[in-house]
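Contents: one structure, followed by commentary.
See below:
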């Protein structure tokens with residue numbers, strides 16, 4: 174597992190472009206910490222994805238998780 178974590182750390186620090194982050198789960202609010210970490214290397218284009226439930230009141234967090 175340590176090898177896998179090191180691989181992920183390296184990939185997140187210097188990802189190939191375009192970079193895509195995929196998060197699962199039903200609520201954005203449960204993933205704020207992960208979103209903050211991904212924001213260092215990813216942008217949020219605001220594209221709906223499949224049948225994911227959107228939380229309109231949380232959409233601004235994709236651009237600014239502190240808001």
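Numbering (our numbering), first residue to last: 174 to 240. Just so you know, even glycine gets a beta-carbon here, dropped at the ideal spot from N, CA and C. Predicted, not measured: the structure shown is a model, and the values here were computed from it.
Residue i, enclosing alpha helix (DSSP H) - first and last residue
{"i": "residue 206", "result": "205 to 211"}
{"i": "residue 190", "result": "Here residue 190 belongs to no alpha helix (DSSP H), and DSSP marks it neither H nor E."}
Residue i - DSSP class collapsed to helix/strand/coil
{"i": "residue 228", "result": "coil"}
{"i": "residue 200", "result": "coil"}
{"i": "residue 214", "result": "coil"}
Length of the line joining the Cα atoms of residue i and residue j
{"i": "residue 174", "j": "residue 232", "result": "33 Å"}
{"i": "residue 181", "j": "residue 230", "result": "30 Å"}
{"i": "residue 178", "j": "residue 184", "result": "10 Å"}
Sub-9 Å separation of residue i and residue j beta-carbons
{"i": "residue 196", "j": "residue 204", "result": "yes"}
{"i": "residue 188", "j": "residue 214", "result": "yes"}
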